[in-house]
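Enquirer:
Protein chains: 2
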Amino acid sequence: MGPDRSALRTDLRPHGALTGRRGKGGPMRHTHSGGGLFPHPENRDMFTELLRQVIDDYYRWHAQCAEAAAPALIDPTHEAVADCPAGPAGDMDAVASLVRELSGRLAHQATPVPSPLYLAHMTPDIPVAASLAYLCAMLYNPNNVTPETAPVTTELEHEVSDDLCRLIGYQLGTGWAHLSSGGSSANFEALWIARNLRSVPSAAEAHPAAADLVADRSPLVLANMPVPQVLDLLAALSARGLLPEVGRLAAEQRREANTSGTLLLAQSAHYTWDRCADLLGLGPADVEKVELTQTHRVDVRALGRRVRALLANRQPILAVVAMCGSSGEGAVDDLDAILQLRADCERRFGASFYVHVDAAFGGYCRSLWLRPDGTMAPFEDRPLDGSGARMKPEVHAAFRALHLADSVTVDPHKSGHSPYPAGGLVFRDRRAVSLVARESMYFGQGNGTRIPFGPHTLEGGRPGAAAAAVWAAHRQIGLHSQGYGRLLGGCVATAQRLHKRFSETGRTGPTATYGVDSEVISCFAPDLNILNLSVGPRESECRRVGGGAFGRLALDSILAEAADEPLTSLYVSGNSFTGRPLPGGVEQVLRLCTMKELGPAALDVVELRLRAAVSRSVAKVGTDGVAARPVSVPASAKEWK
Amino acid sequence: MGPDRSALRTDLRPHGALTGRRGKGGPMRHTHSGGGLFPHPENRDMFTELLRQVIDDYYRWHAQCAEAAAPALIDPTHEAVADCPAGPAGDMDAVASLVRELSGRLAHQATPVPSPLYLAHMTPDIPVAASLAYLCAMLYNPNNVTPETAPVTTELEHEVSDDLCRLIGYQLGTGWAHLSSGGSSANFEALWIARNLRSVPSAAEAHPAAADLVADRSPLVLANMPVPQVLDLLAALSARGLLPEVGRLAAEQRREANTSGTLLLAQSAHYTWDRCADLLGLGPADVEKVELTQTHRVDVRALGRRVRALLANRQPILAVVAMCGSSGEGAVDDLDAILQLRADCERRFGASFYVHVDAAFGGYCRSLWLRPDGTMAPFEDRPLDGSGARMKPEVHAAFRALHLADSVTVDPHKSGHSPYPAGGLVFRDRRAVSLVARESMYFGQGNGTRIPFGPHTLEGGRPGAAAAAVWAAHRQIGLHSQGYGRLLGGCVATAQRLHKRFSETGRTGPTATYGVDSEVISCFAPDLNILNLSVGPRESECRRVGGGAFGRLALDSILAEAADEPLTSLYVSGNSFTGRPLPGGVEQVLRLCTMKELGPAALDVVELRLRAAVSRSVAKVGTDGVAARPVSVPASAKEWK
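Chains as they are written, first to last, in UniProt numbering: chain A, 1 to 641; chain B, 1 to 641.
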């Protein structure tokens, strides 16, 4: 880069590094947020200076590109560069005006995600390294569909692929990961692959030149072959050059059969899973939503009953999808028990099923136990220095089992603190993607040592800048317990502290000032960093509005307030317990995603604001006479946990 | 923004505005590329300064967010802001080192897309307004899944939606568009919707409370109801509250039937269409690839034969997909004739089919004829001032018919000159998306006047920064003949000029210096701005390598050279004519995407470099003795056009 690089280095002392640590529950000893991790007045100049250098590099490169043809010019009086339209396109005044308008609108109206009062959605604040890396790479507009258009950022995506394998616990070189536009797309792709894998053994049996590879398998086992065996079969088919033919046969059989198998997943699954099933052409009868426990995990005993019944009837199981941090509740399904169920089925029936984990939200929390050497620490009540999070043993057990799942969705743009768009899909065994590979006619030959992204991903093209941002976030924060672990531990601890505040029935003082005796109760102790709060009037007044409608009313009231005062308001979101209503039929609750750690004072403010908003909503209901069917709101959360 | 804003304004005079226009084929009168449209040394300071202001806004906003809770603090000695991990995360030295490494690698190794010698893929150079808008919005990390997380950029996406409707010719308020991660995803969504729409009438007939809505329709018509009638039916079902039930019934029927109907599309369709069919659960027999004309458009007579045969057999047609700028050839299918075919079928059978247009690459070229008032100009041989492009009348006719297609994929990140990721899907009638809407539990109630993006898009979450960039590009360049029209007309004109150079057999002088008499021939006159070149030895030596293997060899040779000298090399891509080999069995050809306008001198250099590279490849084959089956390469391109 420029000659001023060494001069700048002297200015690159750590700005805003934390000078002290907060004791348990005590006041903080420092006065700013995030040191050098997130934007802070002290790192603004550095951010600007780095970006100035990035722009210098970019403009220099651009000029070199434009001059590329010049040395070979036949006639030097000719001009070898592109000719572009004049008129409004060339008007930098117009550009400045557009950019100013946009910047001004964003600075006044953007959702204040970095605010301690923003607890609504899974949007993270972006570390400076990730922002700078995205900005830097985006200028060169790389498309990670092929190294031909993105030599640098496809390389970074391969590094990120290794990172994500380490995060999940998959073996490097055997596992494989890639980025996607988001969790939805990653889930679509995982289920697409699971569906296609499932149908390969039967198709092999129907092919004369492949039938010997699956000889002596019962129809039940053919329809539900353990995934590693299917992958071995794929390799054998490939060695015989039969993969295209058998793949085609499998597609025909899927079309002719009335089912591709049953998809089993928790009722708490994200709404995108219904979309996914419909997209893939599953019928409604192919999707079974399994009931939930009181803490909104999938009921593994109920799941086991369904799985055994399907296998007893020789039905194919398309896949079991486990949630690792459900979108509504942050609930972590007992993956270890689900995998135990699978092992039992393999022992008892010789039959198995594909396990995909939707850890779009929760996956990065495995870093809470990740040692620097990549191994996972055993369970301890307080696994982390500093954050104060107390993880549940069954959550630890689920994360410990993650490396045995066949694939995992994990989104860097959620808990990975990367900017949008950065979903991710991680495979235990990279051979799984060979089945869906589609060759492109437009790209040159790869070097063969790495899986090319274009032919092996559902979307093909993806922005290289996203890979650069994830790469930088992973390196700035660190994929271990002292990096992401500390960051996310703080988020979990914050949810736990809020849970405690909304579990103690004595702590409702502030609402009294609003004259209505309302109640905000945490529905259950959170597995991760999402909290669900039931709201409504106290028992004395609680026979007036039914179905937990207060939740929706309070949410709308809070959102309306935020629209007036975007920068300093409280932000929460809603959730619906349609699958498993709370006692009293409560379905609509408030949902808090704690994507940041809050100190005690901030917790006070959140609690105060929340109780006040709920109290106002309840009072408004009383005034307006909005009333419906009877409801009983329990006096304490103890009944639910 | 800052107090220095007005001071800055005086510096915002247009930089680099074009001072002259180039006459037909003559030398250019100015010496730089793109004026204020693309990066240029003269607009670097402005770019930097605008970005500095953007960063100032962002840091000020971020600080305000962090202080959001402060005024409400109960105990002012408390600290209300987030507490984040110390350690490596806070180390700005590490950040600077990461960013420098990335910037340095990109500036030395990034694909030189702005180079006049870069003619490989559809990657555009990015206008400064689009880069700045992306950078600006990205800092606030908006997710356009809901206005709750992206109040500003969802608003911009609604404006972009109107832009794209105008571009295609759809009626505002009736049509609707949204952005996607790319063309693949947009195509998946379009076909998903087409498949589901197709099955609604039969399901309505099977529902006791809805059957009267489709009374007196024959099975043929039920399976192939004209799309506007299906949309009216949806509205009627919705009015009766029957949409969820009938939708479920339709999904069951789709699963039970052995086909969802036949998908008909050209053999030139992008490889992503095979992926799409497999994803949606179509069987191989459900996809019919229709043969091509000599210029690689779909053969509409052959398509008509297939459509009529299916309807005569009472088979459902899932959809007909027309290409508007095929990925390999830039071929524009005769959409007007396809729509005429549909009208004929409706008249003759009362039966119809869904028409989707994959205009991911070509859609923006409709701007060549767009008047400022949004109307489309009639055909003229030279429709544009300045660019010199001569559009074919049948290409104009296809674009004139675009507004009659049911949906169109059009990617701002291709010819729209926006950065990745920005695909787009445009619907003629917004009611089509109601069928696939999935409500989220987490968001508040919308204001009801606009279609919310989250529930009505396949992906749901999408980066708001992409919307900001597309919005800015549209406004900087202008969606009319003098804006995008002029820009893309220049790209088409460049392809046409190269076609001419490689159609004249006399112009092969430069290769003689390499001692091998080779030939580079344009396969056919391009519809848009992609050129296919057949390469090989002259007739005297042409019985040595078969199947056009020279194309692959020359491509690999050119790519290898580029890897050594990334900034100043020639870049082209490959294409395969497996569906319709050229005379002599030639399948592998070179492919040039001219995403920029080149002046005569740059064209000289491109021609020289290309002929030299091909000559070297041919010579290498001669030396190495790589030989295979006989092949006859015609002496001139005339036989093919």
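Quick reminder that beta carbons are idealized off the backbone N, C-alpha and C, glycines included.
Based on the DSSP secondary-structure assignment, which residues constitute the bridge partners of B:Lys289?
Expert: The partner list for B:Lys289 (beta bridge, DSSP) reads B:Leu265.
Enquirer: Would A:Ser103 pass as an interface residue toward chain B - the criterion being a Cβ-Cβ separation below 8 Å?
Expert: Yes, contact with chain B.
Enquirer: Between B:Leu213 and the rest of its own chain, which residues show a CB-CB distance below 8 Å, the 5 nearest in sequence each way excluded?
Expert: So the list reads Ala204, Leu233, Ala236 and Leu237, once near-sequence residues are dropped.
Enquirer: Along chain A, which residues have their Cβ under 7 Å away from the Cβ of B:Asn43?
Expert: The answer, in chain order, is Met92.
Enquirer: In whole angstroms, give me the CA-to-CA distance for B:Thr494 and B:Ala215.
Expert: B:Thr494 and B:Ala215: Cα-Cα distance of roughly 56 Å.
Enquirer: For B:Ala107, count neighbouring C-beta atoms within 10 Å of its own C-beta (all shown protein chains included) and say buried if the count is 16 or more, exposed if not.
Expert: With 16 or more other Cβ atoms within 10 Å, it is buried.
Enquirer: Using a Cβ-Cβ distance cut-off of 8 Å, determine whether B:Gly173 contacts chain A.
Expert: Closer than 8 Å: no.
Enquirer: What in chain B is Cβ-close to A:Tyr420, meaning under 9 Å?
Expert: Near A:Tyr420 (Cβ distances below 9 Å), the residues of chain B are Met138, Asn141, Pro142, Asn143, Asn144, Gly461, Arg462, Pro463, Gly464, Ala465 and Ala466.
Enquirer: Is B:Pro85 close to chain A? Criterion is C-beta to C-beta, closer than 8 Å.
Expert: Confidence at B:Pro85 is low in this model, with a pLDDT of 38, below 50, so its placement is unreliable and the value that follows should be read with caution. Yes, because at least one Cβ of chain A sits closer than 8 Å to the Cβ of B:Pro85.
Enquirer: Following the continuous alpha helix (DSSP H) through A:His474, name the residue where it begins and the one where it ends.
Expert: First-last of the alpha helix (DSSP H) with A:His474: Gly464 to Ile477.
Enquirer: Looking at chain B, which residues of the stretch 50 to 62 of chain A have a Cβ within less than 9 Å of any of its Cβ atoms?
Expert: Within the stretch 50 to 62 of chain A, the qualifying residues are Leu50, Leu51, Arg52, Gln53, Val54, Ile55, Asp56, Asp57, Tyr58, Tyr59, Arg60, Trp61 and His62.
Enquirer: B:Pro151 to B:Ala194, Cα distance in whole Å?
Expert: If I take the Cα positions, the gap works out to 31 Å.
Enquirer: Could you name the residues of the stretch 296 to 324 of chain A whose beta carbon sits closer than 9 Å to any beta carbon of chain B, in the order they occur along the chain?
Expert: Per Cβ criterion, the list is empty.
Enquirer: From the DSSP secondary-structure annotation, give me the bridge partner or partners of A:Cys593.
Expert: Paired residue(s): A:Ile530.
Enquirer: With H, G and I counted as helix, E and B as strand and the rest as coil, what does DSSP make of A:Ser503?
Expert: Looking at A:Ser503 - three-state DSSP - the assignment turns out to be coil, as it is neither helix nor strand.
Enquirer: Might you give, ordered along the chain, the residues of its own chain that have their beta carbon closer than 7 Å to the beta carbon of residue 651 of chain B, omitting 5 neighbours on each side?
Expert: Residue 651 of chain B lies beyond the range of chain B shown here (1 to 641); nothing can be said about it.
Enquirer: Ignore the nearest five residues each way along the sequence and tell me which others in A:Ala554's own chain have a CB closer than 7 Å to its CB.
Expert: If we look at A:Ala554 and ignore the five residues flanking it on each side, its Cβ neighbours are Val535, Leu590, Ala613, Val614 and Ser617.
Enquirer: Report the three-state DSSP secondary structure of A:Gln229 (helix, strand or coil).
Expert: Helix.
Enquirer: Which partner residues does A:Glu67 have in the DSSP bridge list?
Expert: Per DSSP, none; premise fails for A:Glu67.
Enquirer: If we ignore side chains and look at the alpha-carbon of each, how far apart do B:Arg438 and B:Pro147 end up?
Expert: Straight-line Cα distance between these residues: approximately 17 Å.
Enquirer: Where DSSP assigns a beta bridge to B:Ala322, which residues make up the other side?
Expert: Paired residues: B:Val357.
Enquirer: Find the nearest neighbour of A:Asn575 within the set A:Pro583, A:Asp564 and A:Gly551, judged by alpha-carbon distance.
Expert: Residue A:Gly551 is the option with its Cα nearest to A:Asn575.
Enquirer: Would you please state the rounded distance, in angstroms, between the beta carbons of B:Ala351 and B:Leu311? I believe it to be under 8 Å.
Expert: Contact holds; Cβ gap of about 5 Å.
Enquirer: At a Cβ cut of 8 Å, what residues of the stretch 257 to 283 of chain B count as close to chain A, listed as they run along the chain?
Expert: Listed by position along the chain: Asn258, Thr259, Ser260, Tyr271, Thr272, Asp274, Arg275, Asp278, Leu279, Leu280, Gly281, Leu282 and Gly283.
Enquirer: Who are the neighbours of B:Gln496 on chain C, taking C-beta pairs under 9 Å?
Expert: Given the protein chain composition of this structure (A and B), no chain C is represented.
Enquirer: Count Cβ pairs between the stretch 129 to 138 of chain A and the stretch 457 to 472 of chain A that sit closer than 8 Å; are there 3 or more?
Expert: The stretch 129 to 138 of chain A, when compared against the stretch 457 to 472 of chain A, does touch it at the 8 Å Cβ threshold.
Enquirer: Identify, in the order they occur along the chain, each residue of the same chain with its Cβ nearer than 6 Å to the Cβ of A:Arg275, setting aside the five sequence neighbours on each side.
Expert: For A:Arg275, where only same-chain residues beyond five positions count, there are no Cβ hits under 6 Å.
Enquirer: Which ranges would you report for the alpha helix (DSSP H) in the stretch 117 to 158 of chain A if only whole runs of at least 4 residues count?
Expert: If we require 4 residues or more, the alpha helix (DSSP H) runs fully inside the stretch 117 to 158 of chain A come out as 128 to 139.
Enquirer: Counting C-beta neighbours from all protein chains within 10 Å, is the total for B:Gln171 16 or more, i.e. buried, or is it exposed?
Expert: Looking at its Cβ environment, which holds fewer than 16 other Cβ atoms inside 10 Å, B:Gln171 is exposed.
Enquirer: Contact defined as beta carbons within less than 8 Å: I believe A:Arg52 pairs with B:Thr48. What is the distance between those atoms, to the nearest angstrom?
Expert: About 6 Å separates the two Cβ atoms, so the contact holds.
Enquirer: Taking A:Tyr59 and B:Pro114 to be in contact with their CB atoms under 8 Å, please state how far apart those CB atoms are, rounded to whole angstroms.
Expert: That pair is no contact at about 11 Å.
Enquirer: By the criterion of Cβ-Cβ separation under 8 Å, what are the contact partners of B:Val286 in chain A?
Expert: For clarity, residue 286 of chain B is Asp in the given sequence; the question names Val instead. The contacting residues are Arg255.
Enquirer: Check each candidate in A:Ser103, A:Gly169 and A:Glu101 and name the one with the smallest Cα separation from A:Asp406.
Expert: Residue A:Gly169 is the option with its Cα nearest to A:Asp406.
Enquirer: Any idea which residues DSSP pairs B:Phe188 with across the strands?
Expert: Note: B:Phe188 sits in no beta bridge, so no partner.
Enquirer: Determine, using beta carbons only, whether A:Pro412 comes closer than 8 Å to chain B.
Expert: Output row for A:Pro412: interface = no.
Enquirer: Nearest CA to the CA of A:Asp299: which residue from A:Arg580, A:Leu191 and A:Leu592?
Expert: A:Asp299 has its Cα closest to that of A:Arg580, out of A:Arg580, A:Leu191 and A:Leu592.
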